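**Student:** One point on numbering: in our numbering, the residue at position 75 of the sequence shown is 84, and numbering is uninterrupted.
Yeah, the Cβ is synthetic: ideal placement off N, Cα and C, and Gly gets one too.
Note that the coordinates shown come from a computational prediction; the quantities given were computed from them, not determined experimentally.
Can you read through this structure? Questions will come right after.
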Amino acid sequence: MSVVTPVEVLAVLGPVSAVVVHEMVRSRVSAAELREALRRLRHGEMDEFEAYAELDGRTRRVVDLLGSVEAGEPRA
Numbered sequence: 010m011s012v013v014t015p016v017e018v019l020a021v022l023g024p025v026s027a028v029v030v031h032e033m034v035r036s037r038v039s040a041a042e043l044r045e046a047l048r049r050l051r052h053g054e055m056d057e058f059e060a061y062a063e064l065d066g067r068t069r070r071v072v073d074l075l076g077s078v079e080a081g082e083p084r085a
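Below you can see the structure in the form of structure tokens.
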């Protein structure tokens with residue numbers, strides 16, 4: 010598993026703040042994990058607390074970051 014690069018984060022998410030990009034890279038998530046977390050969030054799979062609670066800490070952090078982006082964080 011290779012760690013996501015800033016270019017990959019921007020390719021998956023589009024224009025987002027530098028803080029989001031930095032945190033995604035710092036989380037050491039892979040591009041596949043990033044896409045999967047985004048898919049789960051967009052399809053409502055994280056609406057149930059039990060589903061969220063079952064995730065490991067790193068994946069929860071990624072879902073939280075994605076949630077902030079999806080909820081309308083200002084894009085830079």
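Below 8 Å, can you find three or more Cβ-Cβ pairs linking the segment 38–51 to the segment 64–78?
**Tutor:** The segment 38–51 vs the segment 64–78: in contact.
**Student:** Pull up the distance between the alpha-carbon of Ser39 and that of Val12, whole angstroms please.
**Tutor:** For Ser39 and Val12, the distance between alpha carbons rounds to 5 Å.
**Student:** Once the 5 residues before and after Asp65 are set aside, which same chain residues still bring their CB inside 7 Å of it?
**Tutor:** Here the set comprises nothing.
**Student:** Hey, out of Thr68, Ala60, Thr14, whose CA is closest to Val34's CA?
**Tutor:** Nearest C-alpha to Val34: Thr14.
**Student:** How close, in whole Å, do the beta carbons of Val28 and Val18 come, if the pair is a contact with beta carbons under 8 Å?
**Tutor:** In fact, because the Cβ distance is near 11 Å, the residues do not count as touching under 8 Å.
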